[in-house]
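**Student:** Below you'll find the structure I mean.
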């Protein structure tokens, strides 16, 4: 029986060690990200970033998203509802983490639409039609060029194509990709609430972390 | 000491060592992908296909020490060793990536981590497979006698 005991004890020891290492790593990683966010606010919220909500809100919710990511589309509405639950207290910062091949182009299209003041409208259309242009994790940005005007968005498409190919738009997306790597964002959507990553992924975890930060920064 | 459980002998320890190494390697690969969130490349997946069954096959071969564990374990370990060797050559730039099967998704040359400052993930894999193959070969010779 000694052998069986040895094998079972080894298995248990390895599982326990794995769990400890995982929890230690997650803690260390969260601390690392918080330190970076504290030291450099432009890594978290660069000047170019698209924001929603008051500038002086004490809770900053940074969301790294991939236009072609289905979960990001699913989270779009709950995030807005979360902001309505805490009115005037949350500033949403949207940033790109285009991990799908080809979705970088869609991020650039959004930035080009933004130059015409149509960012949020374009974002809505993009998520609403995601199934058509990004089915089976295979983004086809070409389709979006037709879907955007078809949805009734008044965009100067010629100007949009020019902006899309320009340096300004490309550098914004590039900076976001760079910062996503620095902040340890490897999955989308990636949330940081006042620089704190979610302990584990999920809507309830996000709601809880936001509630914690609201409670910590507002006295009532 | 009865005949069905002859206690811990050298044969058993050899097999136990091979099992322990493959289990550590399997858990390590899961730590990289699930905890550290490194996306496994295609060659990593082939190595996993060879490594994970070893954990089960070798564990069952331990009770009692079974020639079958070597018979079924050795081909898996050698298959994994070949993929790991190819992966390391690719990673170190000896084999050009254009001649490799992994062009889409994660590059097999993606540098994630250097354990202890010099061990890359493909090197760790090759080390583990080499150890398992070595232990199983020694065991095979002993069991033949």
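Chains as they are written, first to last, in my numbering: chain G, 7 to 226; chain P, 703 to 847.
Idealized CB from N, CA, C, for every residue including glycine.
1) Residues of chain G with a CB under 8 Å from the CB of residue 764(P): which are they?
2) Could one say the Cβ of residue 103(G) lies closer than 9 Å to chain P's Cβ atoms, at least one of them?
3) Pick from 34(G), 161(G) and 138(G): whose alpha carbon is nearest that of residue 128(G)?
4) Taking the beta strand (DSSP E) that residue 194(G) falls in, what are its first and last residues?
5) At least one CB of chain G closer than 9 Å to the CB of residue 794(P): is that the case?
6) DSSP three-state call for residue 765(P): helix, strand or coil?
7) Quick check: the Cα distance between residue 219(G) and residue 126(G), rounded to an integer number of angstroms?
8) Check the Cβ-Cβ distances between residue 676(P) and every residue of chain G, and say whether any is below 9 Å.
9) If you drop the 5 nearest sequence neighbours on each side, which residues of the same chain put their C-beta closer than 6 Å to that of residue 195(G)?
10) Are the beta-carbon atoms belonging to residue 743(P) and residue 731(P) less than 9 Å from one another?
11) Could you give the DSSP three-state label for residue 805(P): helix, strand or coil?
12) Let me know if residue 206(G) comes out buried or exposed under the rule of 16 or more other beta-carbons within 10 Å of its beta-carbon.
13) Can you grab the Cα-Cα spacing for the pair residue 61(G) / residue 51(G), in whole Å?
14) With DSSP collapsed to three states, give me the class of residue 165(G).
15) Nearest CA to the CA of residue 86(G): which residue from 57(G), 156(G) and 200(G)?
16) Under the rule that 16 or more other beta-carbon atoms within 10 Å means buried, what is residue 804(P), buried or exposed?
17) Mind listing which residues of the region 68-97 of chain G have their C-beta closer than 9 Å to chain P's C-betas, in chain order?
18) Using only alpha-carbon positions, find the residue among 73(G), 115(G), 185(G) and 116(G) that is nearest to residue 106(G).
19) Could you name the residues of the same chain whose beta carbon sits closer than 7 Å to that of residue 159(G), not counting the 5 residues immediately before and after it, in chain order?
20) Less than 9 Å between the C-beta atoms of residue 147(G) and residue 177(G), yes or no?
21) Check whether chain G comes within 9 Å of residue 753(P), counting only Cβ atoms and requiring the distance to be less than that.
22) Would you call the region 833-845 of chain P in contact with the region 773-784 of chain P, where contact means no fewer than 3 C-beta pairs closer than 8 Å?
23) Run through the region 140-165 of chain G for me and flag every whole alpha helix (DSSP H) of 4 or more residues, listed as ranges in chain order.
24) How many angstroms separate the CA atom of residue 113(G) from the CA atom of residue 54(G)?
25) Along chain P, in chain order, which residues have C-beta atoms closer than 9 Å to that of residue 20(G)?
26) In the DSSP output, what is residue 738(P) paired with across the bridge?
27) When you compare the CB of residue 821(P) with every CB in chain G, is at least one pair closer than 9 Å?
28) Beta strand (DSSP E) containing residue 71(G): first to last residue?
29) Can you look up residue 57(G) in the DSSP assignment and give me helix, strand or coil?
30) DSSP on residue 98(G), reduced to helix/strand/coil?
**Tutor:** Walking through what the data contain:
1) 9 and 13
2) False, the Cβ-Cβ gap to chain P never drops below 9 Å.
3) 161(G)
4) For residue 194(G), there is no enclosing beta strand (DSSP E), since its DSSP letter is neither H nor E.
5) no
6) coil
7) 26 Å
8) Residue 676(P) lies beyond the residue range present for chain P, which begins at 703 and ends at 847; the question has no answer from this structure.
9) Within the same chain, residue 195(G) has close Cβ partners 69, 71, 78 and 81.
10) Contact flag unset, no.
11) Caution is warranted here: a pLDDT of 46 is assigned to residue 805(P), below 50, making its placement in the model unreliable, and the coordinate value is therefore given only provisionally. Residue 805(P): coil per DSSP, three-state reduction.
12) exposed
13) 11 Å
14) helix
15) With distances taken between Cα atoms, residue 86(G) lies closest to 57(G).
16) With a pLDDT of only 48 at residue 804(P), under 50, the local geometry of the prediction cannot be trusted, and no value is derived from it.
17) Flagged: no residues at all.
18) 73(G)
19) Closer than 7 Å at Cβ, skipping near neighbours: 124, 127, 128 and 131.
20) Going by beta carbons, residue 147(G) and residue 177(G) fall outside the 9 Å limit.
21) no
22) Contact holds: three or more Cβ-Cβ distances are below 8 Å.
23) 147-156
24) 14 Å
25) 722, 725, 726 and 729
26) Beta-bridge pairing links residue 738(P) to no other residue.
27) no
28) 65-71
29) strand
30) strand
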